[in-house]
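In our numbering, the protein residues as written are 56 to 267.
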């Protein structure tokens, strides 16, 4: 099932499970919106005094839950795939949600969403894609096929056969690719401000967005 949340733009989509729809929409839409509304309108002139240098693998950045690593090999390189496996804090509903962050984000940034989903009874898997956060940052030909394959490798390692997949921004492209490659593993697809759904056909209809 597919559900799309587009902040400040047209809201479309559908999902079959009403309970999952409500929980995901509330947790994702609500918490992302709350986070956006709390951002200052003007960037500060100087960074906060407590900010300092950060290493490539984010050793100095605290995460809200224990970070584990899946050892994988891609293009003859041994890599560490960082993830948080968060158990339900509310009454467990037996369902899993896999979160894919956007470009220039990492899993810690989605703490309010993770907390809200856990409170609703979901097991939450939140990863740092290879190249981001606490994961390895190798020089190799990145692709969404590789991203999806890494997701599947982690799910297999954790013994998870079915999951809802959630992607924000570029993470939306990642989860759509995962759903295409592994439909038997995907129960629901949720995308927030996703990219990659643009109709690029030369014959597509066009209208001026500044008219009408």
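No residue lacks a Cβ here, since even glycine has one placed at the ideal position from N, Cα and C.
- Between residue 127 and residue 208, the CB-CB gap stays under 9 Å.
- Distances from the CA of residue 190 to each of 250, 124 and 97 were compared; the closest alpha carbon is that of 124.
- Under the DSSP assignment, residue 151 falls in the beta strand (DSSP E) whose first and last residues are 151 to 155.
- In the three-state scheme derived from DSSP, where H, G and I count as helix and E and B as strand, residue 239 is classed as coil.
- Close CB contacts of residue 151 within its chain, under the 8 Å cut and outside five residues either way in sequence, are with 177, 178, 179, 180, 215, 217, 218 and 219 (chain order).
- Secondary structure of residue 215 (DSSP, three-state): coil.
- Rounded to the nearest angstrom, the Cβ distance from residue 223 to residue 156 is 6 Å, consistent with a contact under 8 Å.
- When 102, 228, 236 and 232 are compared, the shortest CA-CA separation from residue 249 is found for 228.
- For residue 175, the closest of 119, 149 and 159 by C-alpha to C-alpha distance is 149.
- Check the Cα spacing between residue 236 and each of 212, 246 and 206: the tightest is with 206.
- In summary, residue 158 is exposed, with fewer than 16 beta-carbon neighbours lying within 10 Å of its beta-carbon over all protein chains present.
- When secondary structure is reduced to three states using DSSP, residue 128 falls in the strand class.
- Under the Cβ criterion (8 Å, minimum of three pairs), the stretch 108 to 122 counts as touching the stretch 159 to 168.
- Here the C-alpha atom of residue 200 lies approximately 15 Å from the C-alpha atom of residue 186.
- Here the C-alpha atom of residue 239 lies approximately 29 Å from the C-alpha atom of residue 121.
- Counting every other CB atom within 10 Å of its CB across the protein chains shown gives residue 230 a total of 16 or more, marking it as buried.
- Per DSSP, the continuous alpha helix (DSSP H) segment holding residue 169 begins and ends at 166 to 174.
- Nearest in C-alpha terms to residue 169, of all of 105, 118, 203 and 129, is 118.
- For residue 181, the enclosing beta strand (DSSP E) begins and ends at 178 to 182.
- Excluding its 5 nearest sequence neighbours in each direction, residue 135 has C-beta neighbours in its own chain below 7 Å: 124, 126, 190 and 191, listed in chain order.
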